[in-house]
Every structure is written in C-alpha cells, then in structure tokens.
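> Residue numbers (our numbering): 9 to 91.
Starting off with a structure, shown below.
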C-alpha cells in the first residue's frame with residue numbers, strides 16, 4: 009500500500025495528472041490537511057507525528073505497530089525535554 013500527503017495543488021489535479029481512478033480495493037491513500045491547507049509547518053516533508061498518527065490508525069498490523077512505536081518515542085522525547 010502506498011501513502012502520500014498532498015502538499016500543493018488540488019486533490020483533483022493530482023488524480024487527473026496521475027490518471028488515478030476510483031477503486032474500492034485500491035492500495036493508494038492520499039491524505040490532505042483540513043480546510044485544504046497544504047502548507048507544512050517546516051520544509052517540504054510531512055511532520056513525523058502526522059505520519060505516525062496516520063500509520064497508527066491503519067488496520068495492517070505492521071504499519072499500525074510502527075505508528076504506535078513512533079508516537080511512543082515522540083512522547084518519551086517530549087517528556088524528557090519538558091519535565
């Protein structure tokens with residue numbers, strides 16, 4: 009399964025350019041931020057916490073486990089710096 013984050017332009021433009029079609033069993037997931045705000049807080053890379061949360065929400069055991077582990081690591085680092 010492939011996952012990606014829309015960081016510029018519209019979702020419809022990406023679908024048209026890539027020639028994507030609706031498929032109920034599809035293995036491609038494109039995320040976009042609420043209110044179509046495609047500006048990342050820093051640089052051109054999706055924030056690590058955002059990717060981790062999306063992974064933790066997935067049903068596949070391996071990807072889910074990686075997301076949960078990453079969130080736990082981010083939490084531990086935050087607590088170390090802030091307590």
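All C-beta atoms in this analysis are idealised placements derived from N, C-alpha and C, irrespective of residue type, glycine included.
(1) Residue 60 to residue 66, Cα distance in whole Å?
(2) What would DSSP say about residue 66, mapped onto helix, strand or coil?
(3) Name the DSSP bridge partner or partners of residue 29?
(4) So the candidates are 28, 74 and 69; which of them puts its Cα closest to the Cα of residue 58?
(5) Alpha carbon to alpha carbon, how far is residue 26 from residue 38?
(6) Kindly list the residues whose CB is nearer than 7 Å to the CB of residue 64, restricted to its own chain and excluding five residues on each side of it in sequence; keep chain order.
(7) Thinking residue 56 and residue 82 are a contact (beta carbons under 8 Å), I'd like their distance in whole angstroms, please.
Walking through what the data contain:
(1) By 1-based counting over the chain shown, the position of residue 60 is 52. By 1-based counting over the chain shown, the position of residue 66 is 58. The straight-line gap from Cα to Cα measures roughly 10 Å.
(2) As a first step, residue 66 is located in the chain shown; it is residue number 58 there, counting from the start. Three-state DSSP puts residue 66 in coil, outside helix and strand.
(3) The residue labelled residue 29 in the question sits at position 21 within the chain shown. Note: residue 29 sits in no beta bridge, so no partner.
(4) Walking along the chain shown from the start, residue 58 turns up at place 50. Among 28, 74 and 69, the Cα nearest to that of residue 58 belongs to 74.
(5) Translated into the one-based positions of the chain shown, residue 26 becomes position 18. Translated into the one-based positions of the chain shown, residue 38 becomes position 30. Roughly 12 Å between the two C-alpha positions.
(6) Position 56 of the chain shown, counting from 1, holds the residue named residue 64. Closer than 7 Å at the Cβ level, and outside the excluded window around residue 64, lie 72, 75, 76 and 79.
(7) On the chain shown, position 48 is the one that residue 56 refers to. On the chain shown, position 74 is the one that residue 82 refers to. The pair is a contact, with the Cβ atoms about 7 Å apart (cut-off 8 Å).
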